[in-house]
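>
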Amino acid sequence: MFNNLNILFFFMMILSTLISISSSNWLGVWMGLEINMISFIPLIITTKNILSNESAIKYFLIQASSSSLFLMTILFNSFNSISLSSNYLTDSLLFLLATPLMIKMAAAPFQQWFINIMSGMTWAMCYTVSTWQKITPLFILNYLIHMNNMLIILFIILSTIVGALGGITQTLIKKIIAYSSVNHLGWLMTTLLLSKKIMLFYMFFYMILNAFVMFIFNLNNIIQFTQINTKILFVSFVICMMSLGGLPPFLGFMPKLMLIKMLLENNLFNLSMILVATTLVTLFFYLRMTFSIMNLSSISQKWYTLKYPNKNILIYSLLTVFSSLGLVTTNLFLF
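In this note's numbering, the protein residues as written are 9 to 343.
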């Protein structure tokens, strides 16, 4: 997987993100988005199978169409200014700029393409499209949110609700993780209402927690619940998932607690209630997934004896311990 071409495309993907977030005009942002798309598609098709090829085609079509809409909006507004700090954006232009960004991030109601392509990608690519590929659109939205908060709040509410309710009906691990990512995207967009620092803080913890979960899946090539068939793997999986869901006292609880605290300080009570309610729903299907694994393991097979190398046991132990540091880190950062 890690040949010279893939390394080149990987660094191009990182460079394209830096180009977009450091650009001072809309054309530079668009150029970075296009380079990002071109560099990410070859990484998707690294594994030679029909599903990965299908995911790459779907990703290209969605990203290309949203980029076209983004470029047309930029050109339409070029008579006034192409600067990011332009004050000439009307509500209609703002909507036309925000919509392709929401499509690229798979915010509700544009999440279905993201749910579909997750099933055909490797866990490494699932992690990339769930985390890194959302950085550029979030930074661009940071420039737009001060012009019309209500538009962003609408997408926040839709993403959290759809991400929570959509995951209830799923039985495949990748689709559950995909809907969870849509829900977390709502939280990430909420941070833009407060400050860029809070957004970076939440994004940092989300990337870490997502990495823990997908690293476990990737290490064991897990695509079904029945493959989680050892005690140490089960314990590590449960703790990492509960941490990703924000259950106290795990690590994922801290950024959500801090965000809710700041929302209440800014009198955003209704939005806080929606975020908390949808998080409870996501925790419900995380717990249901956990009980399903326990029932499947107890009915269909006995727990296997440990057969992992010592280094794998050490990795699981470190991930479990780090995911359980919620109370300690909360005391350090919040109080």
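Just so it is clear, CB atoms sit at the ideal spot from N, CA and C, and this is done for glycine as well. Quick caveat: nothing in here was measured; it's all calculated off a predicted structure.
So for N33, helix, strand or coil by DSSP?
Within the sequence shown, numbered from 1, the residue matching residue 33 stands at position 25. Looking at N33 - three-state DSSP - the assignment turns out to be strand.
> Evaluate T25 with the Cβ neighbour count: other Cβ atoms within 10 Å of its Cβ, from every protein chain shown; 16 or more gives buried, anything less gives exposed.
If you number the sequence shown from 1, residue 25 lands on position 17. Looking at its Cβ environment, which holds 16 or more other Cβ atoms inside 10 Å, T25 is buried.
> Could you tell me which of L271, A172, C248 sits nearest to I260, measuring between CA atoms?
Here residue 260 is taken as the residue at index 252 of the sequence shown, counted from 1. The sequence given here has Gly at residue 260, not Ile. Checked all of L271, A172, C248; the closest Cα to G260 is C248.
> Going by alpha carbons, who is nearest to N218 out of L241, L252, I236, T234?
In the sequence shown, residue 218 corresponds to position 210, counting from 1. With distances taken between Cα atoms, N218 lies closest to L252.
> So which of L196, E62, A72 has the shortest CA-CA distance to N44?
In the sequence shown, residue 44 corresponds to position 36, counting from 1. The option with the nearest alpha carbon to N44 is A72.
> So, S127 versus K182, is the Cβ gap smaller than 7 angstroms?
Locating residue 127 in the sequence shown gives position 119, counting from the first residue. Locating residue 182 in the sequence shown gives position 174, counting from the first residue. In contact: S127 and K182 (Cβ atoms closer than 7 angstroms).
> Taking the C-alpha atoms as reference points, what is the distance between Y312 and Y135?
Your numbering for residue 312 matches position 304 in the sequence shown. Your numbering for residue 135 matches position 127 in the sequence shown. With a pLDDT of 47 at Y312, under the threshold of 50, the predicted position of this residue should be treated as unreliable, though the coordinate-derived value follows. Distance between the alpha carbons of Y312 and Y135: 28 angstroms.
> Less than 8 angstroms between the CB atoms is what I'm expecting for V190 and V221, so what's the real figure, rounded?
Reading the sequence shown from its first residue, position 182 is the one you call residue 190. Reading the sequence shown from its first residue, position 213 is the one you call residue 221. That pair is no contact at about 15 angstroms.
> Just verifying my parser: in three-state terms, what is the DSSP assignment at A116?
By one-based count along the sequence shown, residue 116 stands at place 108. Note: A116 maps to coil in three-state DSSP.
> Taking the alpha carbon of L202 as the reference point, which residue from A285, N303, N274 has its own alpha carbon closest?
Reading the sequence shown from its first residue, position 194 is the one you call residue 202. It is N274.
> In its own chain, which residues sit with a C-beta less than 6 angstroms from the C-beta of I206, not counting the 5 before and 5 after it?
The sequence position of residue 206 within the sequence shown is 198, counting from 1. Result list for I206: T199, in chain order.
> Using the Cβ count rule (16 or more neighbours within 10 Å means buried), how would you classify L51?
Within the sequence shown, numbered from 1, the residue matching residue 51 stands at position 43. Buried: at least 16 other Cβ atoms inside 10 Å.
> Taking the alpha-carbon positions, what's the L77 to L109 distance?
Here residue 77 is taken as the residue at index 69 of the sequence shown, counted from 1. Here residue 109 is taken as the residue at index 101 of the sequence shown, counted from 1. Whole-angstrom Cα-Cα distance: 10 angstroms.
> With DSSP run on the structure shown, which of helix, strand or coil describes M129?
If you number the sequence shown from 1, residue 129 lands on position 121. If DSSP states are grouped into helix, strand and coil, M129 belongs with coil.
> Using the rule of at least 16 other Cβ atoms within 10 Å of the residue's Cβ for burial, across every protein chain shown, is T351 buried or exposed?
Residue 351 cannot be examined here, being either before or after the span of the chain that is shown, 9 to 343.
> Measuring CA to CA, which of S47, M211, M250 is closest to I143?
Translated into positions along the sequence shown, residue 143 becomes position 135. Out of S47, M211, M250, M211 has the C-alpha closest to the C-alpha of I143.
> For I268, name the three-state secondary structure that DSSP assigns.
As a position in the sequence shown, residue 268 is number 260, starting the count at 1. Three-state result, I268: helix.
> Between the C-alpha atoms of L69 and A172, what's the straight-line distance to the nearest angstrom?
Here residue 69 is taken as the residue at index 61 of the sequence shown, counted from 1. Here residue 172 is taken as the residue at index 164 of the sequence shown, counted from 1. Each residue's Cα considered, the two are about 26 angstroms apart.
> Between A64, T107, P117, which lies nearest to I82 when the distance is taken from Cα to Cα?
Locating residue 82 in the sequence shown gives position 74, where the first residue counts as 1. Among A64, T107, P117, the Cα nearest to that of I82 is on T107.
> How would you write the range of the alpha helix (DSSP H) that G254 sits in, first residue to last?
Translated into the one-based positions of the sequence shown, residue 254 becomes position 246. Run containing G254: none; DSSP gives neither H nor E here.
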